[in-house]
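If you're matching them up, the sequences are chains A and B in order.
Just so we're aligned, residue 423 is where the first sequence starts under my numbering, counting upward by one.
Just so we're aligned, residue 144 is where the second sequence starts under my numbering, counting upward by one.
Yeah, the Cβ is synthetic: ideal placement off N, Cα and C, and Gly gets one too.
Predicted model, so just to flag it, every value in this text is computed and none were measured.
Written below as structure tokens is the structure these notes are about.
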Amino acid sequence: MRLSRWALIVVVLLVAAVVGVAYGTLRLTPLEVLHGALGTGSATQVVVVRQLRLPRVLLAALVGAGLGASGAALQGATRNGLAEPYLLGVSGGAAVGAVIAVALHAPAAVVPLAGLVGALAAVALSLVVARASGGQGDARVVLMAGVVVGAFANAAIMVALAGVDANAVRGALWWMMGSAADATWGQVRALAVYVAIGVGALLALARAIDLLALGEDAAAGMGVDVARVTLAVYVAGALLAAGTVAAAGLVGFVGLLVPHLARMAGARTHRSIIGAAALGGAALTVLADLVARVAHPPAELPLGAVTAILGVPFFLSRLRRLT
Amino acid sequence: MIAFHEVSVRYPRRGVPALDAVSLAAPRGALTAVVGPNGSGKSTLVRALVGRVPLASGRITVDDRSVDDAGRRALATRVAVVVQREEPAFPLRVHEYVALGRYPHLGLFRAPSRADRDAVMGALMRTGVVHLVDRSITELSGGEWQRVRLARAVAQGGDAIVLDEPTTFLDVGHEMGVFELMSRLAKEGRAVLLVSHQLNLVARFADHIVLLHRGEVAASGSPADVMQGAVLERVYEWPLVVTRDPAVGAPALVPLRAPSRD
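Okay, here's the thing in structure tokens:
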């Protein structure tokens with residue numbers, strides 16, 4: 423990918439971040455944003471920037487980066503442009519965990535953790551199912567296992583919701599739709615470490631993903647240990663997705679759409695595609711979070727719904743070029 | 144250099160083994176060809192070599208060392224394989240694709256050196272695809288794509304090259320070009336192991352032919368030894384005669400029309 427395109431993505435991300443911090447019920451100028459961040463502005467500005475908006479924007483950026491990188495790696499390793507981060511039952515498993523927590527009247531802080539545990543359990547189950555059927559190194563078997571585990575999880579949610587009161591259902595659904603609203607610095611720090619490790623691992627595997635994208639036999643002939651590398655990509659990609667789910671619920675479409683945008687921008691090898699998808703995913707999610715906040719105040723729209731509403735028309739308009 | 148010792152492969156839920164105690168050797172400096180009808184085990188041989196199907200028994204060695212001991216990447220620095228089916232999921236430029244052949248030398252982290260770039264350039268020139276470097280691999284014709292795949296294998300380096308049906312879908316000119324290139328690679332000292340359906344071309348180019356039939360070696364030897372009408376007729380289950388090509392004198396197979404039923 424050309425340097426000018428990289429520069430463009432970084433500029434879009436930075437502008438999105440500044441606008442994301444500036445806009446809201448209290449509107450700030452870029453200069454006020456800077457003063458707020460440095461602690462030299464008015465007390466209100468400092469509180470709004472430092473305590474409310476900056477962690478929120480950073481959390482959204484990290485979620486988007488993780489989803490973008492995860493989607494890019496999984497699309498390459500499965501040789502499938504429809505692959506996305508929630509592939510291995512991550513979304514269904516996370517939802518089951520969250521719904522169980524809500525149904526048991528667990529404190530709000532426990533819900534994301536329960537979601538993470540559910541997501542990890544679903545990933546483990548998908549991989550175990552794929553392995554048991556002897557298809558660990560076969561992307562189609564792994565995809566199918568993930569889809570089936572996800573379907574089972576969805577059925578489990580329906581059953582669970584049938585026995586829970588309406589408010590709890592709403593709470594669980596709301597969490598599932600994704601939001602960066604309650605971001606804290608603690609969350610940002612934890613997710614930053616998590617995303618750095620996950621994206622780093624996927625970037626390290628990028629060359630092998632280039633070969634896997636040619637086909638499993640071809641990759642084996644060029645020296646890739648297919649079973650081990652595919653497992654590493656699935657685990658790293660799915661764990662990255664699960665971490666973002668714990669931080670902000672389910673943010674759909676970013677992980678599916680952004681890798682295609684990265685390839686359209688001229689990224690062809692997976693080191694570029696994963697890197698560009700991480701930056702692009704961050705920018706898109708920050709913008710989507712901004713729309714979620716300012717579109718219909720004082721109510722907030724669910725982040726996952728906004729990303730899909732922004733993403734679907736674009737995806738459809740480019741469908742011909744994607745296939 | 145590459146040797147199969149009594150190799151057997153069984154696919155699950157199949158009664159008969161895909162390969163049954165197959166032994167063959169592809170020495171340096173020679174073009175060794177594996178021929179046989181569809182389903183005779185030719186491609187299984189290649190998939191077993193790259194570790195994509197487990198061996199039920201026997202072993203495969205490269206210079207007397209088992210391929211399982213060497214590690215996949217170390218093996219790929221010595222043996223380049225062009226598998227039968229390769230369908231890139233996403234477009235790459237030709238130069239990027241050929242550079243992927245250097246993966247076994249680079250691993251996940253090392254940056255390409257001068258030597259790597261030279262190997263890629265040399266491979267592009269040898270296979271006559273330099274003019275395609277900036278094209279997308281999804282926009283190549285069948286003949287161009289096969290030659291670019293050969294370039295990737297040549298860039299991979301090493302002293303053995305294994306090709307599974309490299310001339311499928313190629314016209315006469317491109318097909319001959321590929322066979323000439325393989326012949327040159329063998330003459331330079333590489334071990335070339337070729338899986339092919341093109342009996343007549345194999346009879347002209349190969350130093351040694353192995354004929355597979357239902358997973359077993361039905362015949363093995365020089366083209367003159369293997370190109371025997373009776374053996375080929377039994378293996379291919381079709382009436383045929385083996386004559387001598389009037390132009391070059393090589394044994395040539397001529398399939399006959401089905402016997403009339405009235």
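The closest CA to that of L535(A), considering only A668(A), A525(A), P720(A), A561(A), is found on A668(A). Chain A has no Cβ within less than 8 Å of the Cβ of A266(B). R427(A) has its alpha-carbon roughly 7 Å from the corresponding atom of A687(A). For S279(B), DSSP records a beta bridge to R236(B). Around the C-beta of H718(A), fewer than 16 other C-beta atoms lie within 10 Å, and the residue is accordingly described as exposed. According to the DSSP assignment, R215(B) belongs to the alpha helix (DSSP H) that extends over 215-221. Cβ-Cβ separation between A578(A) and V518(A): approximately 5 Å, consistent with a contact (criterion under 8 Å).
The shortest C-alpha to C-alpha distance from P477(A) to any of I522(A), G585(A), A670(A) is the one to A670(A). Excluding sequence positions up to five before and after A161(B), its CB lies within less than 7 Å of the CB of V152, R153, Y154, G184, T187, G358, all in the same chain and listed in chain order.
If you look at E376(B), you'll find it in the alpha helix (DSSP H) that goes 372-379.
Counting of Cβ neighbours within 10 angstroms places W288(B) among the buried residues, the total reaching 16 or more.
Annotated three-state conformation of A393(B) is coil, per DSSP. Between A296(B) and V225(B), the C-beta spacing is below 8 Å. A distance below 6 Å between beta-carbons, with the five flanking residues on each side excluded, links V532(A) to the following residues of its chain, in chain order: A523. Proximity of M644(A) to chain B, defined by a Cβ-Cβ separation below 8 Å, is satisfied.
Residues of the stretch 224-240 of chain B with a C-beta less than 9 Å from any C-beta of chain A: V224, V225, V226, Q227, R228, E229, E230, P231, A232, F233, P234, L235, R236, E239, Y240, listed in chain order. Counted as a single uninterrupted DSSP element, the stretch harbouring D207(B) is not any beta strand (DSSP E), since DSSP gives it neither H nor E.
Taking a beta-carbon distance threshold of 8 Å, R216(B) counts as an interface residue toward chain A. Under the Cβ distance rule, Q299(B) counts among the residues neighbouring chain A, one pair being separated by less than 8 Å. Rounded to whole angstroms, the gap between the alpha carbons of T652(A) and A499(A) is 6 Å.
Between the beta-carbon of V621(A) and that of A491(A) there is about 4 Å, and that keeps the pair under the 8 Å contact cut.
Buried is the label assigned to E506(A), since at least 16 other Cβ atoms lie within 10 Å of its Cβ. Here V241(B) is near A298(B), since their CB atoms are less than 8 Å apart. For L481(A), the closest of R740(A), L460(A), L706(A) by C-alpha to C-alpha distance is L706(A). Put simply, of M264(B), T220(B), D368(B), V374(B) the residue whose alpha carbon is nearest the alpha carbon of A393(B) is D368(B). DSSP places S513(A) within a helical segment (H, G or I) once states are collapsed to three. Between Y656(A) and the set Q473(A), T466(A), G568(A), I731(A), the nearest pair of CA atoms involves G568(A). Around the CB of L430(A), fewer than 16 other CB atoms lie within 10 Å, so the residue is classed as exposed.
Contact of R190(B) with chain A is assigned, a C-beta pair being separated by under 8 Å. Under the criterion of beta carbons closer than 8 Å, L701(A) and A438(A) do not qualify as touching, at roughly 11 Å. Apart from the 5 residues on each side of it in sequence, V384(B) sits with its Cβ closer than 7 Å to the Cβ of G372, V397, L399 in its chain, given in chain order.
Counting every other CB atom within 10 Å of its CB across the protein chains shown gives V189(B) a total of 16 or more, marking it as buried. Beta-bridge analysis with DSSP links I352(B) to A176(B), G364(B). Boundaries for V470(A): no beta strand (DSSP E) harbours it, and the DSSP string shows neither H nor E there. Counted as a single uninterrupted DSSP element, the beta strand (DSSP E) harbouring R387(B) occupies residues 383-387. When 9 Å is used as the limit between beta carbons, N589(A) is near no residue of chain B, the shortest such separation being about 45 Å.
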